[in-house]
Structure formats: C-alpha cells, structure tokens
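Q: Chains as they are written, first to last, in our numbering: chain A, 1 to 168; chain B, 1001 to 1506. Even glycine gets a Cβ: it sits at the ideal position worked out from N, Cα and C.
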Amino acid sequence: MRSEWRDGDRVRMVEVAAEGGGRYRVTVDGAPFGVTAARLADGRLSLTTDQGVTIAELTAAGARRFVRLGTLDFVLDRETGGAGGRKARGPRAPGGGLESPMPGVVTRVMVAVGELVEKGQPLVALEAMKMEHVIRAPRDGRIRSVAATAGQMVNGGVPLVEMDEETG
Amino acid sequence: MFSPAGMFSKVLIANRGEIACRIARTLREMKVRSVAVCSEADRGAMHTRVSDEVRVIGPAEPRVSYLNVDALIAAAKASGAQAIHPGYGFLAENTAFASAVEDAGLTFIGPAPEQVRAMGDKRAARALAIEAGLPVVPGAEGGDGAALAREADRIGFPVIVKAALGGGGKGMRIVEDRGALDEALASAMRVAASAFGDGAVYLEKRLAHARHIEVQVAGDGTGEAIHLFERECSLQRRHQKVIEETPSPAVDEPLRARLTEAAVALARAIRYRGLGTVEFLLAPDGAFYFLEMNTRLQVEHPVTESITGLDLVQLQLEVAASGRLACRQADVTRRGHAIEARVYAEDPARNFLPQAGTAVKVRWPAAPDLRVDAGIESGDAVPVHYDPILAKVIVAGETRAEALERLVRALDESVVHGVTTNLPFLRALARAREVERGTIDTEWIERDFLAGFAALASAPAPELALAAAALGELFGLNGAPQGKAGRQRQSNVFAALGRWRHPGLD
C-alpha cells in the first residue's frame, strides 16, 4: 500500500508491503527497512525493527495523524493524492488558490474579483483565538475569485481567494 | 443568603476554559455552589461539567456571550448567585462590568471598580506608582505627538510606544530612532483608538535585557496589604508569557525585600482590595521599575500557590465576602521552587498559528509534585473564538534544578492529540541551557532561541513515524471506524444504566 504524507514543508512517500507473520517491508522516500508490527489497544502499535521495539501511539483527526514515538510527537497529514489532491499549503503555484492557514473567522475581505493586486498586498484577514492573520498576495496578479465573506467561519486549508497571474 | 461563616453560598464564574475549571475546584472545596456560564459553542465544555449549574448566555462570539455584561448579570440573578468571579481576560479588568455587578447588588470578586479603572489606564497607574514612591521606567505620560517626540529625545532611543488603555503587550511599538517616531506614534494612536476606544499613548524607554518580575499582593480594601513573593515571567514570545517560575533566579533576598516592599507600598497607597499583581522590569544593573498592575487573578498564580501552600482563589473569596485578609504577612512563608508552562493550541512549526478542532486524546502525567490545570479532556472541542490556552503544567521541587527536571519530564509525558499544541516548543524551551542557567530576559526567546527551534521543528520526521502512520492506515487506525465503535459502546453503557434508573427520576 502506498501513501503520501505531508511532513512540514515536504511530502513523504511511504510504501508498505506485508510479508506475512506480522512482518512488513516499509519504504520511506525510497529507503526500505523491515518492521514487525502488531496492533495494541487504544491506537497503539508495537513496531520492532533491527533497532529494537518502539511503541507508537496514533491519533487520527480528519486527514491529520498525531504520531507519538516514546516521548516525541509528530504531526503528519495524509495527502489524498491525484489531481484533486492538496499538494501544498498556503500560497500555491501560479493559478492556484490561497487557503486559510488555520481554522478561524474571516474578519475582512480586502479585494474583489477582477482587482489587480501587487505582491504582498493584504487580501483577507482571518481571526482565531484573538489573533489576526493577514493573507497576502504571493505575487502580482489579478483576483479570479473570492470565496471568503466577512463573518464567515472557515476550516484550515479552505481556498479563500484565487489569483491569476497578471499577463498584461 | 450567607453561610454561617459569612461566605457566599453560590458564585457565578464569568469565564471558560482552564481558569473556570480552576475556580470551580476551589468553590467546591469551600462548599460554595458554582454556576458556570457558556456560549453556544461551549455547550458541554469541561468548565460546564465541573460546575454545579450551567447557564448558556449567548452565541459563540465573545462580544455577545462572555463579554455580555447584561447576560452575565441576568444569569447570576436568575441562578441566585451572590457574587461573580471574573477569572482573567474577558471582563476581569473591565470597570463597567465591575460597577454593573455591584449596582446589581452582587459582589464582584476583585478590586473596587475605581481601582480597576485607575490601573487600567496605564498613565494613571504610572502616576499612582510615582506618588507611592515606586521607580518607574523613564518615560512620558502625556501630550500630543510633538510633546512626546521632545520627551523621546530627552529619555533617549530606543523607546516603546504603548496604548494608555492597553496592557500585556497589546498595542505596543518599539521605536529604534527619531526618524521612525512620528509614524510609530500615529500608527499606535490609530491602533489604540480602534482596539481600546481611546487613542491615548505614552512613551517608555526601552530597557535592554530586562527581566519581567512581578509581585503577588493582596489587600483588604482599607489599606492593609501583604505580598506573596515574586514570580519571574521573562520567558515570553511576542509579550505572551510561556513559562513562569517562583522564586526568580535573578532575585536575591535584599532585592526581594525591596521589590515586595515597593509592591505592598502601592497596594497600601491605593487601599487595594483583593488579589493583584504589581509588574516590574528588572534591569541588568539590578535596578527595577514599575511597569503596570494587574487587578485580577493571574494565569501564573499556581506557582505562588505551590511555594506558599495558599489557595489564591480562596483568598479572593474571603476578602470579597468579609473585607478581611485571612492571613497576615507573618503567616506567609515559602518553600521550594515552582515552574509553570502554558500549553497553547498553536502550531510552533508554523509560526505559532492558532489551532482549533477536537482534542481527540488528552493525557496528563501524575506525580507528587505536579499539578495540571486543564480546560479540556479527551474528545473536547477547541473552538476558534477564544484564547488559545488549553492547560498549564505546574511542577514543584526543593530546588530550581529539581523543579526544572520535573518540568522536562512532565512536558514529555503530556499528550494532546487532535489539536496541534506548543508542547514541542515547551519541551525544547525547558531543555535550553540558558533556561537551566536562568540567564534569560524578556526578549531572549525571540532573539536567541526561536531560530534554532525553527530548525529543529522543520527537521523531517523519523522514518519510523512515517511507517507508523502508514501501518496505521493498514490496521484501520485512521479515525472513522474506531470513533463509531466507541460511540456505539458508549450508548450501550447508557442504555444499560437506564435500566437501573429510578422510575420517578425521568
């Protein structure tokens, strides 16, 4: 089974092949290693490698996985992959949308469809937990669509504004 | 209405989250009934579960719920509470609220409204501190832009422009040189006008490498006041405290005597009533300056409770109910060292962006010298509308080194999954050499720690973490089916309990 995971700024590729008897061949970013895995209670996995036994504690929240190894916590996001898959957070490649970086309430929408904007220009302000976060234009361009309205509550990763690259 | 001892029989808690839970605990301890209030977004939240009664006071937005003075007073009246505890934040330092509570014939568990007002205006507070003989940071209280510019030249750059009605770092601007001053003043006045309803600003000289030391005081409202030693809160990020401790590693006995004497002098001079905190900046040369006074229970009060053995919420209730301090200065002693770390719903790997969602799994460690003040349990929602503080992890030790070691362990053993928290940041901070040495100041995190932490936080996760995530998908540990099974089990439990219910109780 192949899966892709967002780990901070990077996307990590994992392939898992069952070898029988609870043994798996796991390949992370092209590097293979053997793991003997057993499911324990309460979202825990026992993972045995040639380094020894590690108990991993897994918690799912939507596409997000909280992985605890010993006393260290890691956060990984399952990438759905394919054409509709979300490949990156925040400002995308030209033509893409600008997404809410966090769940929050849209407090101000500072641009309208068709408007020309300059790199760094504030587009939308979001507020969460008493903090305001301003989403700015990642480059010069024209606003293609505005999905955000003031007062609206949004989840993290929701497209708020789409921009076209300014061609002339 | 009052119990034989003169104590309230019922108190409304005008707050939410960890502090509402904290206050409810003392009320229960004192056999006073507690009334929780909640917004519609907080129905079923932990603070409503640990209180005796709950009143829903309005929609999610704080303005129409936790900041809604009329709704809060109506809830107190309807529930038969005799007093309101405001906690911290929200309306805790709001003069209009304190007055409205007293006008409604209820007791505000805090200082007199005029004391809230006087300390809420930072220029007035500076003037009162000067009058009481306290040293203040060189600065200028009044006048227009031109007058402030002349004063800035006199005290020397860099200076800090602050909103008169601000506080806690809100609306602050650091100005490095004369050229940037006019623009900074204009901008600060605009921000102050929109955020605090008053564009008044004042100037203070910016002290380099200063530490934040504050003194806990309590007064009876007639001029008698005591102190409960100091706390150091220099570990801050964007003026937001992250880790606090007591005693301060930078304060020796002679300095402690001078700091606490100054704080008590101010509390006495204004006949302060209730619990308050006098904040100081401590310069590297050992000089200290009054910063502001907070007229409420502080977030970091548990470290003081830890070393003194006092319950500060109980102390507040006793002063409010009787007008007397239950302990004299001579009764207040301290032992050991205590440290608190604040667990926030924010992503330290992504510029500390606020986080919300469901705290699917929450687990705190337990140990003899450990206390956790939490506002969430497993499965609780973390709404976007409120302060991001989730919990406080408080440890104690005979020595600072022992307490710090315990903090490292306690943070390692604290688990919050489902909502991203600053726990990795706290764990790194608690291990930092400068923290261990105590050689920190209020700008140390941003100046010397954040860059190294960012590198650490952006390092790739180990292969085994990826393997665990991928194997978890294979084993069905990806949420949905498990959650469903869990709910199923839970409803069966309730169905089973239902059979044992008394017929007359339904």
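Over what stretch of residues does the beta strand (DSSP E) that includes ALA1359 (chain B) continue unbroken?
A: Reading the second sequence from its first residue, position 359 is the one you call residue 1359 (chain B). From DSSP, the beta strand (DSSP E) with ALA1359 (chain B) extends over 1357 to 1359.
Q: Would DSSP call HIS1301 (chain B) helix, strand or coil?
A: Counted from its first residue, the second sequence places residue 1301 (chain B) at position 301. Helix.
Q: Considering only the beta carbon of each residue, do LEU126 (chain A) and ALA137 (chain A) sit closer than 8 Å?
A: Counting from one through the first sequence, the residue named residue 126 (chain A) turns up at place 126. Counting from one through the first sequence, the residue named residue 137 (chain A) turns up at place 137. Their beta carbons are not under 8 Å apart, which means LEU126 (chain A) does not touch ALA137 (chain A) by this criterion.
Q: When you compare the CB of GLY157 (chain A) with every CB in chain B, is at least one pair closer than 8 Å?
A: As a working mapping, residue 157 (chain A) is identified with position 157 in the first sequence. GLY157 (chain A) does not count as touching chain B.
Q: Which class does ILE1109 (chain B) belong to by DSSP, given the choice of helix, strand or coil?
A: In the second sequence, residue 1109 (chain B) corresponds to position 109, counting from 1. Three-state DSSP puts ILE1109 (chain B) in coil, outside helix and strand.
Q: Can you name, in chain order, every residue of its own chain whose Cβ lies under 7 Å from the Cβ of LEU1282 (chain B), other than the five neighbours on each side?
A: Looking up residue 1282 (chain B) in the second sequence gives position 282. Taken in chain order, the residues that qualify are ALA1210, ARG1211, ILE1213, ALA1250, PHE1288.
Q: Return no unless some Cβ of chain B is closer than 8 Å to the Cβ of ARG23 (chain A).
A: Numbered from its first residue, the first sequence carries residue 23 (chain A) at position 23. So no, ARG23 (chain A) is outside the interface.
Q: Please list the partners that PRO1424 (chain B) has in chain A, where partner means a Cβ-to-Cβ separation under 7 Å.
A: Sequence index remark: in the second sequence, residue 1424 (chain B) carries index 424 (1-based). By Cβ distance, chain A contributes ASP73.
Q: Below 7 Å on C-beta distance, what does SER3 (chain A) contact in chain B?
A: Working through the first sequence from its first residue, we reach residue 3 (chain A) at position 3. Residues of chain B passing the Cβ test: ALA1470, GLU1473.
Q: Please list the residues of the region 1440 to 1471 of chain B that have a C-beta atom closer than 9 Å to any C-beta atom in chain A, keeping them in chain order.
A: Listed by position, the residues of the region 1440 to 1471 of chain B near chain A (Cβ gap below 9 Å) are ALA1457, SER1458, ALA1459, PRO1460, ALA1461, PRO1462, GLU1463, LEU1464, ALA1465, LEU1466, ALA1467, ALA1468, ALA1469, ALA1470, LEU1471.
Q: Verify the CB distance criterion: does VAL1415 (chain B) have a CB-CB separation below 8 Å to chain A?
A: Locating residue 1415 (chain B) in the second sequence gives position 415, counting from the first residue. For VAL1415 (chain B), the answer is yes, since a Cβ of chain A falls inside 8 Å of its Cβ.
Q: Using a threshold of 8 Å, state whether the C-beta atoms of VAL117 (chain A) and GLY141 (chain A) are closer than that.
A: Counting from 1 along the first sequence, the entry for residue 117 (chain A) is found at position 117. Counting from 1 along the first sequence, the entry for residue 141 (chain A) is found at position 141. In contact: VAL117 (chain A) and GLY141 (chain A) (Cβ atoms closer than 8 Å).
Q: Might you give, ordered along the chain, the residues of its own chain that have their beta carbon closer than 8 Å to the beta carbon of TYR24 (chain A), omitting 5 neighbours on each side?
A: Start at 1 with the first residue of the first sequence, and residue 24 (chain A) comes out as number 24. The residues are VAL16, ALA17, ALA18, GLY34, VAL35, THR36, ALA37.
Q: Span of the beta strand (DSSP E) holding MET163 (chain A)?
A: As a working mapping, residue 163 (chain A) is identified with position 163 in the first sequence. Counting along the chain, the beta strand (DSSP E) containing MET163 (chain A) begins and ends at 159 to 165.
Q: Output yes if chain A places a C-beta closer than 8 Å to the C-beta of ALA1430 (chain B); else output no.
A: In the second sequence, the residue the question calls residue 1430 (chain B) occupies position 430. Not closer than 8 Å to any Cβ of chain A, the Cβ of ALA1430 (chain B) fails to qualify, so no.
Q: Check LEU1477 (chain B) in the structure and name its three-state DSSP category.
A: Taking the first residue of the second sequence as 1, we reach residue 1477 (chain B) at position 477. The answer is coil: DSSP assigns LEU1477 (chain B) none of H, G, I, E or B.
Q: Can you look up THR1421 (chain B) in the DSSP assignment and give me helix, strand or coil?
A: In the second sequence, residue 1421 (chain B) corresponds to position 421, counting from 1. If DSSP states are grouped into helix, strand and coil, THR1421 (chain B) belongs with coil.
Q: For LEU1027 (chain B), does the three-state DSSP call read helix, strand or coil?
A: Counting from one through the second sequence, the residue named residue 1027 (chain B) turns up at place 27. Helix.
Q: Report yes if the C-beta of ALA1470 (chain B) is less than 7 Å from at least one heavy atom of the ligand GDP; otherwise report no.
A: Only the bare structure without any ligand can be found here, which leaves the ligand GDP out of the picture.
Q: Once you ignore the five residues that flank GLY82 (chain A) on each side, which residues in its own chain have a CB closer than 6 Å to its CB?
A: One-based indexing of the first sequence puts residue 82 (chain A) at position 82. Because the pLDDT at GLY82 (chain A) is just 48, under 50, the model does not fix this residue reliably, and the point stays unresolved.
Q: Go to LEU1012 (chain B), then tell me how far its beta strand (DSSP E) extends in each direction, as first and last residue.
A: By 1-based counting over the second sequence, the position of residue 1012 (chain B) is 12. 1010 to 1013 is the span of the beta strand (DSSP E), which, as asked, contains LEU1012 (chain B).
Q: So what does DSSP say about GLU1434 (chain B), is it helix, strand or coil?
A: Along the second sequence, one-based indexing puts residue 1434 (chain B) at 434. Three-state result, GLU1434 (chain B): helix.
Q: What residues from the region 1357 to 1388 of chain B come within 7 Å of chain A, judged by C-beta to C-beta, listed N to C?
A: Residues GLY1357, THR1358, VAL1360, LYS1361, VAL1384, TYR1386, ASP1387, PRO1388.
Q: Given that ALA37 (chain A) touches chain B, what residues does it touch there, using C-beta distances under 9 Å?
A: Looking up residue 37 (chain A) in the first sequence gives position 37. Simply ALA1467, ALA1468, LEU1471, LEU1474, PHE1475.
Q: Which residue comes first and which comes last in the beta strand (DSSP E) that contains GLY141 (chain A)?
A: Here residue 141 (chain A) is taken as the residue at index 141 of the first sequence, counted from 1. 141 to 146 is the span of the beta strand (DSSP E), which, as asked, contains GLY141 (chain A).
Q: At least one CB of chain A closer than 8 Å to the CB of ILE1019 (chain B): is that the case?
A: In the second sequence, the residue the question calls residue 1019 (chain B) occupies position 19. No, because no Cβ of chain A sits closer than 8 Å to the Cβ of ILE1019 (chain B).
Q: With distances taken Cα to Cα, identify the nearest neighbour of PHE158 (chain A) among A:SER100, A:LEU40, A:ARG6.
A: For the purposes of this step, residue 158 (chain A) is taken as residue 158 along the first sequence, with counting starting at 1. A quick correction: the sequence has Val, not Phe, at residue 158 (chain A). Comparing Cα-Cα distances from VAL158 (chain A) to each of A:SER100, A:LEU40, A:ARG6, the minimum goes to A:SER100.
Q: Determine, using beta carbons only, whether GLY208 (chain A) comes closer than 8 Å to chain B.
A: The question about residue 208 (chain A) has no answer here: the residues shown for chain A are numbered 1 through 168.
Q: Are ARG1371 (chain B) and VAL1415 (chain B) touching if we call contact CB-CB under 8 Å?
A: The residue labelled residue 1371 (chain B) in the question sits at position 371 within the second sequence. The residue labelled residue 1415 (chain B) in the question sits at position 415 within the second sequence. Contact flag unset, no.
Q: Work out the CA separation of CYS1327 (chain B) and LEU1148 (chain B) for me, nearest whole Å.
A: By one-based count along the second sequence, residue 1148 (chain B) stands at place 148. By one-based count along the second sequence, residue 1327 (chain B) stands at place 327. Rounded to the nearest angstrom, the two C-alpha atoms are 44 Å apart.
Q: Mind pulling the chain A residues with CB within less than 8 Å of ASN1294 (chain B)?
A: In the second sequence, residue 1294 (chain B) corresponds to position 294, counting from 1. By Cβ distance, chain A contributes nothing, its closest Cβ being about 17 Å from ASN1294 (chain B), past 8 Å.
Q: Would a C-beta distance cut-off of 8 Å place LEU1027 (chain B) and ALA1075 (chain B) closer than the cut-off?
A: Here residue 1027 (chain B) refers to the residue found at position 27 when the second sequence is read from its first residue. Here residue 1075 (chain B) refers to the residue found at position 75 when the second sequence is read from its first residue. Going by C-beta atoms, LEU1027 (chain B) is not nearer than 8 Å to ALA1075 (chain B).
Q: Could you check whether the Cβ of GLY82 (chain A) sits closer than 8 Å to any Cβ belonging to chain B?
A: Along the first sequence, read from residue 1 onward, the residue named residue 82 (chain A) stands at position 82. With a pLDDT of 48 at GLY82 (chain A), under the threshold of 50, the modelled position of this residue cannot be trusted, and the question is left open.
Q: Give me, in chain order, the residues of the same chain whose beta-carbon lies closer than 7 Å to that of GLU1413 (chain B); leave out the 5 immediate sequence neighbours on both sides.
A: Taking the first residue of the second sequence as 1, we reach residue 1413 (chain B) at position 413. Excluding sequence neighbours, GLU1413 (chain B) sits near PRO1365.
Q: Rank B:ALA1345, B:ALA1320, B:VAL1054 by C-alpha distance to the C-alpha of LEU1426 (chain B) and give the top, closest one.
A: Looking up residue 1426 (chain B) in the second sequence gives position 426. Nearest option by C-alpha distance: B:ALA1345.
Q: Excluding sequence positions up to five away, which residues of its chain have a Cβ less than 7 Å from the Cβ of MET1030 (chain B)?
A: As a working mapping, residue 1030 (chain B) is identified with position 30 in the second sequence. Answer for MET1030 (chain B): MET1007, GLN1314, LEU1317, listed in chain order.
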